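Quick mapping for you: the protein sequence lines, in order, are chains A and B.
Count the first sequence with my numbering and you get residues 858 to 1289, in order.
Count the second sequence with my numbering and you get residues 560 to 911, in order.
Backbone N, C-alpha and C define an ideal beta-carbon position, used for all residues, glycine too.
Only a predicted model underlies this, so the values are computations on that prediction, with no experimental measurement involved.
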Amino acid sequence: MNLKLNFSARKLICFCLFTILILAGNTDRTFAQQTSSCISCHLEEVDDDHTELVESFMGGVHQKRGISCVDCHGGDASAEDMDDAMDPDAGYNGAPERKDIPEFCARCHADPGYMRGFNPNLSTDQYSKYLISGHGRLLKKSGDKKVAVCTSCHGVHGILASNDPLSPTFTLNVPYTCANCHSDSVYMAGRDIPVTQLQEYESSVHGQALLQKGDRAAPSCAGCHGSHEARRPEPSGVANTCAQCHNYVRELFVSSPHKAAHEKHGYPECEVCHGNHAIVKPTDDLLYSSSAGICADCHENDSDGMRAAKEMRSSIDFLKAHIDSARNVIELVRFYGMDTDDPEYQIRQAKNKLVQSRALIHTFSPEKVAAVTQEGSLLAQEANAFGQDLLKQYGFRRKGFIFSVIVILALSFLLTIKIRSLNNNGDSIQID
Amino acid sequence: MKKLKQFLYSRLPLEEAENALKKKRVPVHRFSPFYYLGGICLYLIMLQVITGIMLLLYYRPTEEQAFESVQFIMTKVSFGWLVRSIHSWSSNLLIGALFVHLFSTFLLKAYRPPRELTWMTGMLLFMTCLGLGFTGYLLPWNELAYSATKVGTEMLAAIPLIGQTLKEFLRGGTNVTGITLTRFFAFHIWVLPLALGMVVGVHLLLVQKQGMSRPLTESSGPAISMPFMPHFLLRDLNVWLLVLALLITLSFYFPAHLGNPADPLAPTPVGIRPEWYFLFMFQLLKLLPAHILGIEGEQIGILGFGLIGLLMFLVPFLDKKSAAGRKSKGFSIIGWVMIAAFIGLTLWGVLE
Chain A
858 MNLKLNFSAR KLICFCLFTI LILAGNTDRT FAQQTSSCIS CHLEEVDDDH TELVESFMGG
918 VHQKRGISCV DCHGGDASAE DMDDAMDPDA GYNGAPERKD IPEFCARCHA DPGYMRGFNP
978 NLSTDQYSKY LISGHGRLLK KSGDKKVAVC TSCHGVHGIL ASNDPLSPTF TLNVPYTCAN
1038 CHSDSVYMAG RDIPVTQLQE YESSVHGQAL LQKGDRAAPS CAGCHGSHEA RRPEPSGVAN
1098 TCAQCHNYVR ELFVSSPHKA AHEKHGYPEC EVCHGNHAIV KPTDDLLYSS SAGICADCHE
1158 NDSDGMRAAK EMRSSIDFLK AHIDSARNVI ELVRFYGMDT DDPEYQIRQA KNKLVQSRAL
1218 IHTFSPEKVA AVTQEGSLLA QEANAFGQDL LKQYGFRRKG FIFSVIVILA LSFLLTIKIR
1278 SLNNNGDSIQ ID
Chain B
560 MKKLKQFLYS RLPLEEAENA LKKKRVPVHR FSPFYYLGGI CLYLIMLQVI TGIMLLLYYR
620 PTEEQAFESV QFIMTKVSFG WLVRSIHSWS SNLLIGALFV HLFSTFLLKA YRPPRELTWM
680 TGMLLFMTCL GLGFTGYLLP WNELAYSATK VGTEMLAAIP LIGQTLKEFL RGGTNVTGIT
740 LTRFFAFHIW VLPLALGMVV GVHLLLVQKQ GMSRPLTESS GPAISMPFMP HFLLRDLNVW
800 LLVLALLITL SFYFPAHLGN PADPLAPTPV GIRPEWYFLF MFQLLKLLPA HILGIEGEQI
860 GILGFGLIGL LMFLVPFLDK KSAAGRKSKG FSIIGWVMIA AFIGLTLWGV LE
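Below you can see the structure in the form of C-alpha cells.
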C-alpha cells in the first residue's frame, strides 16, 4: 500500500487540520490566523517548499501560541491578492538575511513586556547572551555567516518548545544538534576547533548517562558550555563549570595545594586529569598504578607528589581488600541460607567510606584519605567478624542437624526392629 | 505412677478408650500404606500448633512491626530460624499430605457408607488448612506475601453477588493494609485453628467409630488385619520420625526466607504467583478467555471451582455404585483426571 500522499491530498489534509485548529480555539490571535490569506495561498498556490513551510509552522510552538505569519514577516494577511498581501508598503519585510536573524527573533524574544503575554516563565535574555557567545561574537565582529544563529539550533518555521522530545534543543537531542556543525569537518574547516567532540562525548561518562540511560540530569553540551551564551570556557573557569554538579570535589580541590599550582601555570584544573569531552569513569589506576597513573604526567617518580599518590592508592586498596574479604564471607553465609542483613548494612557503610575516600583524593592529602579508609576498614572488619560468627553458627547448625537426623534414624531403626519382632508373633495378623 | 493411673481411670472413661483401641484393627492389603496419611496429617497439624505457639511468643501482628518481628525471630531468637522454617515447611508438607490423603480416599472410595460424614469432615479440614495457608502467608508482611494476598483476595471479588463484599471483608477495606494483616492474624491463630480443632475431633471420632475402610477391590478373599495397638501405632510413629527427619533436612538446607518488607506504594514484583497449592487454580484462570458467553472468564472459573468443591463435598451421595458396593469406574476416571489436571497445571505454573 502506498502511504505517500500526493500533493493535493497533503494540501487538503493541512487545510482540514488548520480548519479544525481554528475551530478548536477562539482567541483573538487564532482569529487573526483564521483570517490569514498567507496560509491559504501558500498551501494552494505555491510550490512544495512553501507548502512544507506552512505544514511545519502548523505544529510549532508559535502557531500554538497564536502567532501568525504577519507577526514575523509583516504584510497584510487580510488581502486576498498576493501582491497586496506581500506589499512592503503594507509592512511586509520578507525573510531576514542569516546575519539578521538574531535581531529578527529578538524583536519579540528580548521584549519582556511582549513575551509576558505568552509565557511569563520564558527568559528574555537570549539575545544578550547570544551577543557574548562565541557564535554571536564571530557574527558581529567578523560577519562570519557560517556561525550558528537562532534557526541553526531551533529550526525555522516548525520551532518546538525545548521540553518537546522532538525539539532539536531537547536535552537528549542537544549533542546531535551541536554536532550538525561541530562534527562536520568541511563546515568547520579553517577554525581552531576539533570535530571529534560528539564522538568523544558519546564515549564519556556524561554521554553514556544522557544518551544511553536517558538521564536528563547528565550534562549535554549546553550543560557545560551554556546554550545561547555558548563559548569555550577559559582555563580558570573550567573548575567552576564542573562545580555546577561536582561542588564537593571542587571545594576539596580549592583547599588543596594543587589549586595555587594550577593558577600559577594557568592549568584548566579538573580538565588536566579528567579531560573534557571524553571524561571516562575514573579508576583507582588513574591515581597510581604500576605504570604510574596520571600523576606521573606532572610529578617525578620519587617526588613528594608521587609518594602522596602512592600512599593514597595504598589506603584505598587497603579498604577495598577489607570490603572484598567481608563480602566473600557474607556471600558464603548467604549461600548457606543465613540472614545477612546486619553485616550487609555494614558493608554498604564501608563502601560509602570508599566513595568518600575517592573524593578526598582531591585534597591530595594522604592523611585525610587514610583517616576515612581506616573508618571504612573497621566497618568492613566488623562485617567480616559478623560473617565469621554466622559461619560458626552455621557449623553449629550443621552439627545439630547431623546429630538430630542420626538420632531420629536410630530411633526409627529400633522401632523397625520392634515392629518386625511383633510381626513374628503369630497373634499380629488375623484372617477373618 | 500406678496410683496416678488408678486416680485417672476411676474418674475418666480411659478404660473404655483403651479397650476400644485394643480392639481396633487395621486392614492389611496392598493399599495399606495410604492409611499412614491420616496420621501424617495429624502429626503435621500438631507440629504446626506447637511451632505456631512458639512463633507467637515473638510475633507482632501490626503493619509497622510484623516484618521486623519475624526478622528478629530469624536472626536473634535462639533456634528461631529453625522453628519458623519447620512451621513453613510443615505447612507445605501438610497441604501436600492432605492432597494425597484426599485423592487416595477418593480413588479407594473410602467415602462410601457409613463413612459419608468422615469424608465431609475431611473436606472441611482440607478447606480449613488451605485457609490457614492463605492467611499465614501474609503474616511476615514481606513484598511477596503482600502482592500474593492482593492478587488472591482480588480473585475472590469475581464471585458473583458476594465477591466484592467478601473481598472487602477479608481486606478490612478496599486495599490490603495493616487492617488486613490484623484480620488475617485473627483468622490464622483463632478462628481457623478453633474450627480445625473441632473438625479434627469429629473426624477422629468418626474414624475411631467406623474403623479403616477396606477398598472394594480388596473386599474379595479373606479379610486380613493387624491390631492398631501396638502394631499400627508403632508403624505410625516410625513414619512420623521419618517425616521429622525430612522436615529438619528441608529446614537446614532450605531455611524459610523473609525477603524485603512489604511496600504498598511499590509496583507488584514481576512473576508474582501464589503458593504452589493454589497454583493450579491461578494457572487455569489465566487460561480462560476474558469472556465466556458474555460472562467474565474469571467469574466462570471461580464458580467452576466452587461447583467442583461442592460436588467433591457431596461425592458420597453422588457415587451410587460405590454406595451399593459395586465398582465405580466413572468416579475413578474423574479422580485420575483431577490428579492429572492438578499436577499438570501446577507444574506448568512452576515452570512458566
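- Taking each of A/Cys1102, A/Ala963, A/Ile1050 in turn and checking the Cα distance to A/Thr1008, the smallest one comes out for A/Ala963.
- In the assembly as shown, A/Asn1158 is an exposed residue. Its beta-carbon has fewer than 16 other beta-carbons within 10 Å.
- By the criterion of a C-beta distance shorter than 7 Å, A/Ala1100 is surrounded in its chain by Arg1107, once the five residues flanking it on both sides are discounted.
- Around the beta carbon of A/Lys1210, 16 or more other beta carbons sit within 10 angstroms, so the residue counts as buried.
- Here A/Ile1180 is near A/Ala1237, since their CB atoms are less than 7 Å apart.
- For B/Ser784, the enclosing beta strand (DSSP E) covers residues 783-786.
- For a Cβ distance threshold of 7 Å, residue set Ile1276 of chain A lies close to B/Arg794, ordered along the chain.
- Taking the C-beta atoms as reference points, B/Thr680 is found no nearer than 7 Å to B/Val642.
- By the Cβ test, the stretch 1212-1226 of chain A is in contact with the stretch 1107-1123 of chain A, since at least three Cβ pairs between them sit closer than 8 Å.
- The beta carbon of B/Ile807 falls within 7 Å of a beta carbon belonging to chain A, placing the residue at that interface.
- In this structure B/Phe746 is buried. Its beta-carbon is surrounded by 16 or more other beta-carbon atoms within 10 angstroms.
- Within the stretch 614-636 of chain B, the residues whose Cβ lies closer than 8 Å to some Cβ of chain A are Gln630, Met633, Thr634, listed in chain order.
- When rounded, the separation of the alpha-carbon atoms in B/Leu715 and B/Val761 is 29 Å.
- Annotation: B/Gln858 to B/Thr712 spans about 14 Å, alpha carbon to alpha carbon.
- If you compare the alpha carbons of B/Met682, B/Gly639, B/Leu676, B/Arg671 with that of B/Leu657, the shortest gap goes to B/Met682.
- Cβ atoms of B/Leu666 and B/Pro828 stay farther apart than 8 Å, at about 38 Å.
- In the displayed model, A/Val1052 falls within coil according to three-state DSSP, outside both helix and strand.
- When the five nearest sequence neighbours on each side are left out, the beta carbons in the same chain lying within less than 7 Å of the beta carbon of B/Asp795 are those of Tyr595, Gly598, in order along the chain.
- Only those residues of the stretch 1056-1087 of chain A whose C-beta falls short of 9 Å from the nearest C-beta of chain B would be listed, and there are none.
- Within the same chain, Ala716 come within 8 Å of B/Gln723 by CB-CB distance, once the 5 residues on both sides are set aside.
- The way I'd put it, the stretch 1142-1150 of chain A does touch the stretch 1165-1172 of chain A; three or more beta-carbon pairs between them come closer than 8 Å.
- Under the three-state reduction of DSSP, A/Asn978 is assigned to coil, being neither helix nor strand.
- Closer than 8 Å at the C-beta level to chain B, one finds no residue of the stretch 1173-1190 of chain A.
- In this structure, A/Gly951 is the residue among A/Phe914, A/Gly951, A/Gly916 with its C-alpha nearest to the C-alpha of A/Gly932.
- DSSP places B/Pro752 in the uninterrupted alpha helix (DSSP H) bounded by 751-769.
- Relative to A/Pro969, the option among A/His919, A/Phe975, A/Thr981 whose CA is nearest is A/Thr981.
- Look at the stretch 765-792 of chain B: the residues with a C-beta under 9 Å from a C-beta of chain A are Pro781, Ala782, Ile783, Ser784, Met785, Pro786, Pro789, His790.
- In the DSSP annotation of this structure, A/Pro1114 is not part of any beta strand (DSSP E); the continuous alpha helix (DSSP H) holding it starts and ends at 1114-1122.
- Under DSSP, B/Asn701 shares a beta bridge with B/Pro820.
- Partner residues in the beta bridge of B/Glu855, as assigned by DSSP, are B/His850.
- With the criterion set as a beta carbon lying under 9 Å from some beta carbon of chain A, the stretch 646-662 of chain B has no members that meet it.
- Secondary structure note for B/Val585: it is in no alpha helix (DSSP H), and the uninterrupted beta strand (DSSP E) holding it is 584-586.
- In the three-state reduction of the DSSP assignment, B/Val710 falls in the helix class.
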